[in-house]
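Encoded as structure tokens, the structure appears first; notes follow it.
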Amino acid sequence: MPDTTTPDPRHDVAAAASEADLAALRAEIDTLDDALHDLLMRRAAVVARLAASRAKGDGPAIRPGREAAILRRLLARHAGPLPRTALVRLWRELLAATTSMQGPLSVAAWLPEAGVEVLRAHLGMAAPVRRFGSDAAALAACEAGEASLVALPAAGRWWRTHFPSRLLVTARLPFFGHGAETVFLLSTTPPDASGDDRTLVRVPAGRGEAGLEAAGLGGPVLLHEHDLALVEVPGLLAAGDPRLASLGATVLGGYAAPIAD
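Every letter in the sequence shown is one number past the one before it in the numbering used here, and letter 21, counting from 1, is 2.
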């Protein structure tokens, strides 16, 4: 039978109002997008002025400590439904893009596939990464000037055999959250302080670890291999720190303390 129900005009009014509300919200989003884009362009212009005005060094433009301080400040003020992970992802791409404006960046990596994913999440998806067949080959490429950074896993011989070196660990990845792989970035530029930092130290296993504890520098042991231990100690320590002198300790570098979530 044909439907003889009389349409309720109130339904049409409600539908029209709903469409109007939706259009208004979309227009507000478009306005916000334009404002965000304006600020991004303004930020890029400031970075360009910074790059043009500062004294140029030989090292890469990346400053992991400064970047960590920025992310900590933003996370501390963050509120609302946008996930913290999304905030970090957005700013990591922004920081990577503006860093590339200040000078070329290339990475020599000896990493498993999971480590490469962690690396790209930090340096940006467009970061030029060249993979090598060994940690020694990646380190040699950087020391020969073929790359500005080295990316290595915690495992491997590099931390046992390559130090003292003019290359120093300057970042531990991931900085935010948990990754399938721990990745260390090494550079010829010394670590820059972030306000909450750790130093990576190689010490004789057993005796060195006990000495760190006695000196008030105890921290998590990341690796044990034969007669050596890789330890993360609090603070950003210099190679000549007197507390390390009698322990047979070697400073491998330092980095911003990662944020768990």
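All C-beta atoms in this analysis are idealised placements derived from N, C-alpha and C, irrespective of residue type, glycine included.
Measuring straight from C-alpha to C-alpha, what distance separates Arg141 and Leu63?
The residue labelled residue 141 in the question sits at position 160 within the sequence shown. The residue labelled residue 63 in the question sits at position 82 within the sequence shown. Between Arg141 and Leu63, the C-alpha separation is close to 42 angstroms.
Taking the alpha carbon of Leu209 as the point to measure from, which residue in Trp91, Pro185, Pro109, Arg54 has its own alpha carbon closest?
By one-based count along the sequence shown, residue 209 stands at place 228. The candidate whose alpha carbon is nearest that of Leu209 is Pro185.
Secondary structure of Ala128, DSSP reduced to three states:
For the purposes of this step, residue 128 is identified with residue 147 of the sequence shown, where counting begins at 1. Of the three classes helix, strand and coil, the one that applies to Ala128 here is coil, per DSSP.
Between the CA atoms of Val28 and Pro145 - distance to the nearest angstrom:
Locating residue 145 in the sequence shown gives position 164, where the first residue counts as 1. Locating residue 28 in the sequence shown gives position 47, where the first residue counts as 1. Approximately 34 angstroms, taken between the alpha carbons.
Is it the case that the stretch 75 to 83 contacts the stretch 158 to 169, given that we only count it when at least three CB pairs across the two stretches are under 8 angstroms?
no
Using a Cβ-Cβ cut-off of 6 angstroms (strictly less than) and excluding sequence neighbours within five positions of Arg70, which residues of its own chain qualify?
For this step, residue 70 is matched to residue 89 along the sequence shown. If we look at Arg70 and ignore the five residues flanking it on each side, it has no Cβ neighbours.
Give the secondary structure of Asp279 by DSSP, where H, G and I count as helix, E and B as strand, and everything else as coil.
Outside the modelled stretch of the chain, which goes from -18 to 242, sits residue 279, for which no answer is possible.
For Pro45 and Ser129, believed in contact at Cβ under 8 angstroms, the rounded distance
In the sequence shown, counting from the first residue as 1, residue 129 sits at position 148. In the sequence shown, counting from the first residue as 1, residue 45 sits at position 64. Incorrect: roughly 13 angstroms between the Cβ atoms, too far for contact.
Need the endpoints of the beta strand (DSSP E) that Gly160 sits in, please.
Numbered from its first residue, the sequence shown carries residue 160 at position 179. Note, Gly160: premise wrong, no beta strand (DSSP E); not H, not E.
Expected contact under 8 angstroms - CB spacing of Arg147 and Thr169 to nearest Å:
Counted from its first residue, the sequence shown places residue 147 at position 166. Counted from its first residue, the sequence shown places residue 169 at position 188. Rounded, the Cβ-Cβ distance is 6 angstroms, consistent with contact.
Closest by CA to Ala238, which one among Ala60, Leu198, Thr180, Thr12?
Taking the sequence shown and counting its residues from 1, one reaches residue 238 at position 257. The option with the nearest alpha carbon to Ala238 is Thr180.
Just the C-alpha distance for Asp173 and Asp19, rounded to the nearest angstrom, thanks.
Here residue 173 refers to the residue found at position 192 when the sequence shown is read from its first residue. Here residue 19 refers to the residue found at position 38 when the sequence shown is read from its first residue. Rounded to whole angstroms, Asp173 to Asp19 spans 30 angstroms at the Cα level.
Helix, strand or coil at Arg138 [DSSP, three-state]
As a first step, residue 138 must be located in the sequence shown, where it is residue number 157. In this structure, Arg138 counts as coil in the three-state DSSP scheme.
Beta-carbon separation (whole angstroms), Leu86 vs Ile43, contact threshold 8 angstroms
Position 105 of the sequence shown, counted from the start, is the residue given in the question as residue 86. Position 62 of the sequence shown, counted from the start, is the residue given in the question as residue 43. Contact between Leu86 and Ile43 holds, with the beta-carbon distance rounding to 6 angstroms and staying under 8 angstroms.
If you draw a straight line from the alpha carbon of Asp222 to that of Ala132, how long is it in whole angstroms?
As a working mapping, residue 222 is identified with position 241 in the sequence shown. As a working mapping, residue 132 is identified with position 151 in the sequence shown. Each residue's alpha carbon lies about 26 angstroms from the other.
Report the partner residues of Ile240 according to the DSSP bridge assignment.
Residue 240 sits at position 259 when you count from the first residue of the sequence shown. Answer is Phe157.
Should Leu203 and Val214 be called a contact, given that it needs their Cβ atoms to be closer than 8 angstroms?
If you number the sequence shown from 1, residue 203 lands on position 222. If you number the sequence shown from 1, residue 214 lands on position 233. No, Cβ-Cβ distance for Leu203 and Val214 is not below 8 angstroms.
Could you pull out every unbroken alpha helix (DSSP H) segment of at least 4 residues lying fully inside the stretch 4 to 80, listed in chain order?
45 to 58
From the DSSP output, read off the bridge partner residues of Ser168.
Here residue 168 refers to the residue found at position 187 of the sequence shown. According to DSSP, Ser168 shares a beta bridge with Leu149.
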